[in-house]
Amino acid sequence: MDRKACFKQTNDDHGNSKETIDRLVKGTSPLWIQLIILLLRAWFFIYDCLNYIPYELFNSPTAKLKRSERIKAKPIKDPDSPWINVDGPLTEDFPGVDTVDKLFTHVARLYGDKPALGTRELLEIYEEKQPNGRIFEKWVLGNYSWQTFAQIHEKIGRIASGLKSIVENDCRAVIFSETRADWFITAFSLFRINVPVVTVYATLGEEAIAQAINETEATLLVTSAELLSKIAVIGKKCPTLRSLVYFRPVHLSKKIATMDIIKQQFRNVMSLDELEAHTNTVSEVSPAGRNDTAMIMYTSGTTGAAKGVILTHYNIVSSVAGLGAGIPIISHTDVYIGY
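Residue numbering for the sequence shown follows UniProt numbering, beginning at 1 and increasing consecutively.
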(Lines of atoms letter the chains of each structure in order from A; the text may use other names.)
(Lines give C-alpha, C1' and ligand atoms only; values in the text may rest on other atoms or scores of the structure.)
Protein backbone atom coordinates (compact mmCIF):
# COMPACT_ATOMS: atom_id res chain seq x y z
CA MET A 1 0.00 0.00 0.00
CA ASP A 2 1.50 3.35 -1.07
CA ARG A 3 1.52 6.46 1.11
CA LYS A 4 -1.41 8.03 -0.74
CA ALA A 5 -3.63 4.99 -0.15
CA CYS A 6 -2.57 4.85 3.53
CA PHE A 7 -3.39 8.55 3.99
CA LYS A 8 -6.81 8.01 2.35
CA GLN A 9 -7.51 5.04 4.69
CA THR A 10 -6.60 7.16 7.76
CA ASN A 11 -8.91 9.95 6.65
CA ASP A 12 -11.71 7.45 6.07
CA ASP A 13 -11.26 6.03 9.61
CA HIS A 14 -11.24 9.53 11.09
CA GLY A 15 -14.35 10.41 9.12
CA ASN A 16 -16.14 7.28 10.34
CA SER A 17 -15.22 8.06 13.99
CA LYS A 18 -16.43 11.65 13.63
CA GLU A 19 -19.66 10.44 12.03
CA THR A 20 -20.22 8.01 14.94
CA ILE A 21 -19.64 10.77 17.54
CA ASP A 22 -21.97 13.12 15.66
CA ARG A 23 -24.68 10.47 15.61
CA LEU A 24 -24.28 9.89 19.38
CA VAL A 25 -24.44 13.63 20.12
CA LYS A 26 -27.50 14.15 17.91
CA GLY A 27 -29.28 11.17 19.43
CA THR A 28 -29.25 9.12 16.21
CA SER A 29 -27.29 6.26 17.77
CA PRO A 30 -28.66 2.72 17.73
CA LEU A 31 -31.72 2.04 19.85
CA TRP A 32 -29.89 -0.21 22.35
CA ILE A 33 -27.34 2.54 23.08
CA GLN A 34 -30.12 5.09 23.55
CA LEU A 35 -31.84 2.69 25.94
CA ILE A 36 -28.66 2.29 28.04
CA ILE A 37 -28.19 6.08 28.17
CA LEU A 38 -31.82 6.52 29.21
CA LEU A 39 -31.46 3.96 32.00
CA LEU A 40 -28.25 5.60 33.24
CA ARG A 41 -29.89 9.03 33.28
CA ALA A 42 -32.85 7.64 35.21
CA TRP A 43 -30.52 5.97 37.71
CA PHE A 44 -28.46 9.14 38.27
CA PHE A 45 -31.65 11.16 38.72
CA ILE A 46 -32.99 8.73 41.33
CA TYR A 47 -29.58 8.64 43.06
CA ASP A 48 -29.47 12.45 43.22
CA CYS A 49 -32.98 12.58 44.66
CA LEU A 50 -32.18 9.97 47.31
CA ASN A 51 -29.02 11.80 48.40
CA TYR A 52 -29.44 15.48 47.65
CA ILE A 53 -32.91 16.05 49.08
CA PRO A 54 -32.15 14.51 52.54
CA TYR A 55 -28.79 16.32 52.50
CA GLU A 56 -30.52 19.66 51.94
CA LEU A 57 -33.17 18.91 54.54
CA PHE A 58 -30.95 17.62 57.34
CA ASN A 59 -27.41 18.79 56.59
CA SER A 60 -27.80 21.88 54.49
CA PRO A 61 -24.53 23.78 53.98
CA THR A 62 -26.49 27.03 54.08
CA ALA A 63 -28.03 26.20 57.45
CA LYS A 64 -24.66 25.01 58.76
CA LEU A 65 -23.03 28.26 57.66
CA LYS A 66 -25.76 30.25 59.40
CA ARG A 67 -25.22 28.32 62.62
CA SER A 68 -21.47 28.87 62.48
CA GLU A 69 -21.89 32.61 61.86
CA ARG A 70 -24.44 33.17 64.61
CA ILE A 71 -23.43 35.15 67.70
CA LYS A 72 -22.58 32.58 70.35
CA ALA A 73 -21.21 34.69 73.20
CA LYS A 74 -21.43 38.17 74.64
CA PRO A 75 -19.48 40.13 77.27
CA ILE A 76 -21.00 40.46 80.73
CA LYS A 77 -20.24 44.20 80.74
CA ASP A 78 -17.63 45.83 78.51
CA PRO A 79 -15.63 43.90 75.85
CA ASP A 80 -12.77 43.36 78.31
CA SER A 81 -15.04 41.61 80.84
CA PRO A 82 -15.68 37.83 80.83
CA TRP A 83 -17.81 36.48 77.98
CA ILE A 84 -20.78 34.15 78.45
CA ASN A 85 -23.08 32.11 76.22
CA VAL A 86 -25.85 34.23 74.65
CA ASP A 87 -28.41 31.73 76.00
CA GLY A 88 -27.15 32.34 79.53
CA PRO A 89 -24.42 30.62 81.55
CA LEU A 90 -24.27 26.85 81.15
CA THR A 91 -23.27 25.44 84.52
CA GLU A 92 -24.75 21.95 84.91
CA ASP A 93 -25.74 19.11 82.62
CA PHE A 94 -28.06 17.75 85.30
CA PRO A 95 -29.79 19.95 87.93
CA GLY A 96 -28.15 19.62 91.35
CA VAL A 97 -25.20 17.63 90.01
CA ASP A 98 -22.60 20.25 90.90
CA THR A 99 -19.45 18.32 91.86
CA VAL A 100 -17.20 15.99 89.88
CA ASP A 101 -18.08 12.98 92.02
CA LYS A 102 -21.82 13.64 91.73
CA LEU A 103 -21.43 13.91 87.96
CA PHE A 104 -19.61 10.59 87.60
CA THR A 105 -22.02 8.87 90.00
CA HIS A 106 -24.94 10.13 87.92
CA VAL A 107 -23.32 8.98 84.67
CA ALA A 108 -22.54 5.56 86.19
CA ARG A 109 -26.24 5.15 86.98
CA LEU A 110 -27.18 6.09 83.42
CA TYR A 111 -24.60 3.94 81.61
CA GLY A 112 -23.67 1.33 84.23
CA ASP A 113 -23.16 -1.63 81.90
CA LYS A 114 -21.54 0.37 79.08
CA PRO A 115 -17.74 0.27 78.53
CA ALA A 116 -15.97 3.25 80.08
CA LEU A 117 -12.21 2.66 80.17
CA GLY A 118 -10.24 0.35 77.90
CA THR A 119 -6.58 -0.62 78.24
CA ARG A 120 -4.46 -2.70 75.88
CA GLU A 121 -2.32 -5.37 77.51
CA LEU A 122 1.42 -5.05 76.96
CA LEU A 123 2.61 -8.40 75.61
CA GLU A 124 6.24 -7.75 74.77
CA ILE A 125 8.92 -5.05 74.70
CA TYR A 126 11.87 -5.21 72.34
CA GLU A 127 14.55 -2.79 71.15
CA GLU A 128 15.01 -1.86 67.50
CA LYS A 129 18.20 -0.23 66.27
CA GLN A 130 17.71 2.55 63.72
CA PRO A 131 20.04 3.22 60.73
CA ASN A 132 21.41 6.30 62.55
CA GLY A 133 22.41 4.17 65.53
CA ARG A 134 19.59 5.24 67.86
CA ILE A 135 17.68 2.51 69.67
CA PHE A 136 13.88 2.70 69.86
CA GLU A 137 11.82 0.73 72.36
CA LYS A 138 8.95 -1.08 70.61
CA TRP A 139 5.81 -2.37 72.34
CA VAL A 140 3.68 -5.29 71.19
CA LEU A 141 0.13 -4.73 72.47
CA GLY A 142 -2.80 -7.10 72.82
CA ASN A 143 -6.53 -6.45 72.62
CA TYR A 144 -8.43 -3.90 74.70
CA SER A 145 -9.70 -4.97 78.11
CA TRP A 146 -12.74 -2.85 79.08
CA GLN A 147 -14.15 -1.77 82.43
CA THR A 148 -17.76 -0.61 82.63
CA PHE A 149 -18.99 2.55 84.33
CA ALA A 150 -20.50 0.46 87.14
CA GLN A 151 -17.24 -1.46 87.72
CA ILE A 152 -15.24 1.77 87.86
CA HIS A 153 -17.75 3.39 90.22
CA GLU A 154 -17.46 0.43 92.59
CA LYS A 155 -13.67 0.48 92.35
CA ILE A 156 -13.60 4.21 93.14
CA GLY A 157 -15.58 3.52 96.32
CA ARG A 158 -13.11 0.87 97.50
CA ILE A 159 -9.99 2.90 96.70
CA ALA A 160 -11.51 6.02 98.29
CA SER A 161 -12.11 4.05 101.46
CA GLY A 162 -8.49 2.84 101.44
CA LEU A 163 -7.20 6.37 100.87
CA LYS A 164 -9.06 7.57 103.96
CA SER A 165 -6.77 5.43 106.09
CA ILE A 166 -3.56 7.11 104.89
CA VAL A 167 -4.48 10.77 104.32
CA GLU A 168 -5.11 13.53 106.82
CA ASN A 169 -7.81 16.17 106.80
CA ASP A 170 -7.19 19.22 104.61
CA CYS A 171 -4.44 17.53 102.61
CA ARG A 172 -3.54 17.48 98.92
CA ALA A 173 -2.42 14.63 96.69
CA VAL A 174 -0.03 14.87 93.74
CA ILE A 175 -0.56 12.51 90.80
CA PHE A 176 2.69 12.18 88.88
CA SER A 177 2.13 9.57 86.20
CA GLU A 178 1.60 8.85 82.53
CA THR A 179 -1.96 8.77 81.19
CA ARG A 180 -3.62 5.46 82.07
CA ALA A 181 -6.86 4.07 83.52
CA ASP A 182 -5.33 3.98 87.03
CA TRP A 183 -4.73 7.74 86.80
CA PHE A 184 -8.40 8.40 86.10
CA ILE A 185 -9.67 6.02 88.78
CA THR A 186 -7.31 7.38 91.46
CA ALA A 187 -8.23 10.99 90.68
CA PHE A 188 -11.94 10.23 91.02
CA SER A 189 -11.27 8.31 94.24
CA LEU A 190 -9.63 11.44 95.65
CA PHE A 191 -12.57 13.56 94.49
CA ARG A 192 -14.82 11.13 96.39
CA ILE A 193 -13.11 11.95 99.71
CA ASN A 194 -12.69 15.65 98.82
CA VAL A 195 -8.90 15.64 98.52
CA PRO A 196 -7.68 18.14 95.89
CA VAL A 197 -5.72 16.51 93.06
CA VAL A 198 -2.46 18.17 92.01
CA THR A 199 -1.55 17.17 88.45
CA VAL A 200 2.07 17.21 87.29
CA TYR A 201 3.32 16.40 83.78
CA ALA A 202 5.26 13.13 83.72
CA THR A 203 7.81 14.84 81.44
CA LEU A 204 8.74 17.58 83.92
CA GLY A 205 12.20 17.69 85.45
CA GLU A 206 12.93 16.81 89.07
CA GLU A 207 13.08 20.43 90.24
CA ALA A 208 9.68 21.29 88.74
CA ILE A 209 8.09 18.21 90.31
CA ALA A 210 9.54 19.03 93.73
CA GLN A 211 8.33 22.62 93.32
CA ALA A 212 4.73 21.49 92.71
CA ILE A 213 4.81 19.15 95.71
CA ASN A 214 6.27 21.77 98.04
CA GLU A 215 4.07 24.66 96.86
CA THR A 216 0.90 22.66 97.48
CA GLU A 217 2.28 21.03 100.66
CA ALA A 218 1.06 17.67 99.41
CA THR A 219 1.17 14.75 101.84
CA LEU A 220 0.29 11.99 99.36
CA LEU A 221 2.13 11.19 96.13
CA VAL A 222 0.60 8.88 93.51
CA THR A 223 2.89 7.69 90.73
CA SER A 224 3.67 4.75 88.47
CA ALA A 225 6.26 2.05 89.05
CA GLU A 226 8.13 3.30 85.98
CA LEU A 227 8.70 6.71 87.63
CA LEU A 228 9.79 5.50 91.07
CA SER A 229 13.45 6.04 90.19
CA LYS A 230 12.71 9.79 89.92
CA ILE A 231 10.79 9.73 93.19
CA ALA A 232 13.79 8.19 94.96
CA VAL A 233 15.66 11.44 94.20
CA ILE A 234 12.76 13.86 94.65
CA GLY A 235 11.33 12.42 97.89
CA LYS A 236 14.05 13.78 100.16
CA LYS A 237 13.44 17.31 98.80
CA CYS A 238 9.76 17.26 99.83
CA PRO A 239 9.37 17.18 103.63
CA THR A 240 5.55 17.28 103.63
CA LEU A 241 5.17 13.92 101.86
CA ARG A 242 3.97 11.10 104.10
CA SER A 243 2.49 8.43 101.86
CA LEU A 244 3.11 7.00 98.40
CA VAL A 245 0.80 4.93 96.22
CA TYR A 246 2.15 3.50 92.97
CA PHE A 247 0.58 1.86 89.92
CA ARG A 248 1.89 -1.58 89.08
CA PRO A 249 4.39 -1.82 86.18
CA VAL A 250 2.82 -1.86 82.73
CA HIS A 251 5.04 -4.82 81.93
CA LEU A 252 4.42 -7.23 84.81
CA SER A 253 7.87 -8.84 84.54
CA LYS A 254 9.60 -5.54 85.34
CA LYS A 255 11.22 -5.37 88.79
CA ILE A 256 11.18 -2.25 90.97
CA ALA A 257 14.83 -1.69 91.89
CA THR A 258 14.43 1.41 94.09
CA MET A 259 11.75 0.13 96.50
CA ASP A 260 14.10 -0.06 99.51
CA ILE A 261 15.07 3.61 99.09
CA ILE A 262 11.42 4.61 98.62
CA LYS A 263 10.30 2.86 101.81
CA GLN A 264 12.89 4.78 103.83
CA GLN A 265 11.43 8.13 102.66
CA PHE A 266 7.69 7.50 103.19
CA ARG A 267 5.59 6.42 106.15
CA ASN A 268 3.16 4.46 103.97
CA VAL A 269 4.09 2.79 100.67
CA MET A 270 1.69 0.52 98.79
CA SER A 271 0.52 -0.32 95.31
CA LEU A 272 -2.93 0.76 94.12
CA ASP A 273 -4.02 -2.89 94.14
CA GLU A 274 -2.92 -3.24 97.78
CA LEU A 275 -4.71 -0.02 98.69
CA GLU A 276 -7.94 -1.26 97.11
CA ALA A 277 -7.69 -4.52 99.06
CA HIS A 278 -6.77 -2.64 102.26
CA THR A 279 -10.41 -2.25 103.35
CA ASN A 280 -13.71 -4.08 103.00
CA THR A 281 -15.83 -0.94 103.20
CA VAL A 282 -16.89 1.29 100.32
CA SER A 283 -16.95 5.09 100.46
CA GLU A 284 -20.25 6.05 98.82
CA VAL A 285 -20.95 9.72 99.57
CA SER A 286 -18.57 12.59 98.86
CA PRO A 287 -18.42 15.51 101.31
CA ALA A 288 -17.21 17.84 98.53
CA GLY A 289 -19.08 21.05 97.83
CA ARG A 290 -19.32 22.86 94.52
CA ASN A 291 -16.89 25.60 95.58
CA ASP A 292 -14.28 23.25 97.05
CA THR A 293 -10.97 22.93 95.22
CA ALA A 294 -11.02 19.85 93.01
CA MET A 295 -7.75 20.18 91.13
CA ILE A 296 -4.55 22.19 90.94
CA MET A 297 -3.22 21.72 87.42
CA TYR A 298 0.44 22.51 86.86
CA THR A 299 1.44 23.80 83.44
CA SER A 300 4.14 22.23 81.29
CA GLY A 301 6.67 24.91 82.20
CA THR A 302 7.59 25.69 78.59
CA THR A 303 7.49 29.46 79.20
CA GLY A 304 9.16 29.48 82.60
CA ALA A 305 8.50 27.81 85.93
CA ALA A 306 5.45 25.53 86.01
CA LYS A 307 2.42 27.27 87.51
CA GLY A 308 -0.53 25.75 89.37
CA VAL A 309 -4.04 26.61 88.15
CA ILE A 310 -6.77 26.12 90.77
CA LEU A 311 -10.08 24.59 89.63
CA THR A 312 -13.15 24.08 91.80
CA HIS A 313 -15.61 21.25 91.33
CA TYR A 314 -18.02 23.73 89.78
CA ASN A 315 -15.35 24.92 87.33
CA ILE A 316 -14.98 21.39 85.99
CA VAL A 317 -18.71 20.57 85.97
CA SER A 318 -19.46 23.85 84.16
CA SER A 319 -16.70 23.17 81.62
CA VAL A 320 -18.21 19.76 80.86
CA ALA A 321 -21.64 21.36 80.36
CA GLY A 322 -20.19 24.08 78.13
CA LEU A 323 -18.20 21.58 76.08
CA GLY A 324 -21.29 19.46 75.49
CA ALA A 325 -23.25 22.51 74.32
CA GLY A 326 -20.42 23.87 72.18
CA ILE A 327 -19.60 20.57 70.50
CA PRO A 328 -22.96 18.82 70.07
CA ILE A 329 -21.46 16.15 67.82
CA ILE A 330 -20.23 14.24 70.88
CA SER A 331 -22.44 11.21 71.52
CA HIS A 332 -22.45 8.03 73.62
CA THR A 333 -20.90 6.14 70.68
CA ASP A 334 -17.76 8.31 70.58
CA VAL A 335 -14.47 7.05 72.01
CA TYR A 336 -11.68 9.23 73.39
CA ILE A 337 -8.08 8.01 73.10
CA GLY A 338 -5.70 9.08 75.88
CA TYR A 339 -1.98 8.57 75.35
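We put the CB at the ideal spot given by N, CA and C, even for glycine.
- Secondary structure remark: continuous beta strand (DSSP E) runs of at least 3 residues inside the segment 92 to 175, in chain order: 115 to 129, 135 to 148.
- Runs of the alpha helix (DSSP H) lying entirely within the segment 203 to 251 and spanning at least 4 residues, in chain order: 206 to 216, 228 to 234.
- Three or more Cβ pairs closer than 8 angstroms define a contact, and the segment 310 to 330 meets that threshold against the segment 82 to 94.
- Taking 9 angstroms as the cut-off, the Cβ atoms of residue 293 and residue 311 count as close.
- Taking a 10 Å sphere around the C-beta of residue 245, we find 16 or more other C-beta atoms and assign the residue as buried.
- Classified as buried, residue 153 has 16 or more neighbouring CB atoms from the shown chains inside 10 Å of its CB.
- The three-state reading of DSSP puts residue 84 in strand, counting E and B together.
- A distance below 8 angstroms between beta-carbons, with the five flanking residues on each side excluded, links residue 114 to the following residues of its chain, in chain order: 148, 149, 332.
- Put simply, of 206, 217, 256, 250 the residue whose alpha carbon is nearest the alpha carbon of residue 233 is 206.
- Rounded to whole angstroms, the separation of the alpha carbons of residue 83 and residue 151 is 39 angstroms.
- Contact annotation: the segment 62 to 76 does not touch the segment 161 to 172, with fewer than three C-beta pairs closer than 8 angstroms.
- Per DSSP, residue 39 is not a residue of any beta strand (DSSP E); the alpha helix (DSSP H) it occupies stretches across 31 to 58.
- Using a Cβ distance threshold of 9 angstroms, residue 187 and residue 200 do not count as a contacting pair.
- Take residue 236, set aside five residues on each side of it, and the residues of its chain with a beta-carbon closer than 7 angstroms to its own are 265, in chain order.
- The three-state reading of DSSP puts residue 63 in helix, counting H, G and I together.
- By the Cβ test, the segment 119 to 127 is in contact with the segment 136 to 143, since at least three Cβ pairs between them sit closer than 8 angstroms.
- Using a Cβ distance threshold of 9 angstroms, residue 314 and residue 98 count as a contacting pair.
- The bridge partners DSSP lists for residue 270 are 245.
- In terms of Cβ geometry, residue 198 and residue 296 form a close pair [threshold 9 angstroms].
- Around the beta carbon of residue 286, 16 or more other beta carbons sit within 10 angstroms, so the residue counts as buried.
- In the DSSP annotation of this structure, the continuous segment of the alpha helix (DSSP H) that includes residue 322 starts and ends at 313 to 326.
- Counting the other Cβ atoms within 10 Å of the Cβ of residue 191 gives 16 or more, which makes it buried.
- For residue 277, there is no enclosing beta strand (DSSP E), since its DSSP letter is neither H nor E.
- Rounded to whole angstroms, the gap between the alpha carbons of residue 185 and residue 262 is 23 angstroms.
- Put simply, the segment 240 to 257 does not touch the segment 277 to 285. Fewer than three CB pairs are less than 8 angstroms apart.
- In terms of Cβ geometry, residue 157 and residue 282 form a close pair [threshold 9 angstroms].
- Apart from sequence neighbours up to five positions away, the residues of its chain that approach residue 219 with a beta-carbon distance below 8 angstroms are 167, 168, 171, 172, 173, 240, 241, 242, 243, ordered along the chain.
- The beta-carbon distance between residue 306 and residue 204, rounded to whole angstroms, is 6 angstroms. This is short enough to meet the 8 angstroms contact definition.
- Within a 10 Å sphere around the beta-carbon of residue 183 sit 16 or more other beta-carbons, which makes this residue buried.
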